[in-house]
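A.B. asks:
In the working numbering, the protein residues as written are 226 to 541.
Encoded structure:
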């Protein structure tokens, strides 16, 4: 395993987080703060909203949009990062289906711009992708070499982003790791998933289930951050694509039932139709992650759920 020290003695790994002030990005920053010299490329709105966080971690923040190729190139050329963690994306199945132009602009063109910056700076790229590139599981477990047959615009754009990464590796020699994340949850990311359900339950005493029979695999955000940290320093992850998930499969209905149990308060559960383009059955294999990295996300859903609920209760 490589060391964080690269180049002259005492120099931390210079790491650029693209879109690093979002839900997952902030947890990655906490995991890397003691080991790396961190720069964040962020839009102005996100930088302003997270001003206190930026100050706490003494971050160098560059304002820019990844769809602006010259700006991405200029920022990366000035900082010359050893590694780039690419988190910026238009996410959410419904949001991408409703805004396909933005989804392709950010998730495909934006990713191309980041890749080209990495190529010029000779930076390693860690690209955060999604389980949505696969579509539904068609065998016992979805493995990294299974066909990519996405069900929605978000999955299509992430798949195209991955294709660009692999193309750049063969064309320019780009070093990369692609991480396909599954149902990431935890403190802070209010917009989606488990935390959105918890927040609504605590504030409005109600939970809305869209569908309910979909099979999900909740993965705790700090475990994801640890995978990213290890990928930065472990050469075994070079030019690898890895599923990042826990080993717990459950339906949305079961997940909500467990959330209600932990909240231990009267909650009105409402049911609504499933969103268009949702993946119905997804059971990922983490065998390759364990083999390549010697690590598998250790946090059980029971543990992660308790931590997440406690965080939201204390926030009030």
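Glycine included, each C-beta is placed from N, C-alpha and C at the ideal position.
Using alpha carbons as the reference points, say which of 317, 245 and 407 lies closest to residue 500.
C.D. replies: 317
A.B. asks: Is residue 338 buried or exposed, if buried means 16 or more other CB atoms sit within 10 Å of its CB?
C.D. replies: When all chains shown are included, residue 338 counts as buried.
A.B. asks: Would DSSP call residue 457 helix, strand or coil?
C.D. replies: helix
A.B. asks: Report the CB separation of residue 374 from residue 360 in whole angstroms; it is logged as a contact under 8 Å.
C.D. replies: 4 Å
A.B. asks: Under 8 Å by Cβ, that's how I've got residue 309 and residue 348 pegged, so tell me the actual separation to the nearest angstrom.
C.D. replies: Right, their Cβ atoms sit about 5 Å apart.
A.B. asks: Please give me, in chain order, every unbroken run of the beta strand (DSSP E) with length at least 3 that falls completely inside the region 360-437.
C.D. replies: 401-406 and 431-435
A.B. asks: Relative to the C-alpha of residue 448, which residue among 520, 270, 272 and 274 is closest?
C.D. replies: 520
A.B. asks: What residues in its chain sit with their C-beta under 7 Å from that of residue 259, if we drop five residues either side in the sequence?
C.D. replies: none
A.B. asks: Should residue 383 be labelled buried (16 or more other beta-carbon atoms within 10 Å of its own) or exposed?
C.D. replies: buried
A.B. asks: When you compare the CB positions of residue 461 and residue 518, do they come within less than 8 Å of one another, or not?
C.D. replies: yes
A.B. asks: Around the C-beta of residue 355, are 16 or more other C-beta atoms found within 10 angstroms, so that it is buried, or is it exposed?
C.D. replies: buried
A.B. asks: Measuring only the C-alpha atoms, how far is residue 481 from residue 466?
C.D. replies: Cα-Cα distance, rounded: 31 Å.
A.B. asks: Could you tell me which uninterrupted beta strand (DSSP E) segments, each at least 3 residues in length, are contained entirely in the region 499-532, listed from first to last along the chain?
C.D. replies: Unbroken beta strand (DSSP E) runs of no fewer than 3 residues, entirely contained in the region 499-532, are not found.
A.B. asks: Considering only DSSP beta bridges, list what residue 324 is partnered with.
C.D. replies: In DSSP, residue 324 forms no bridge with anything.
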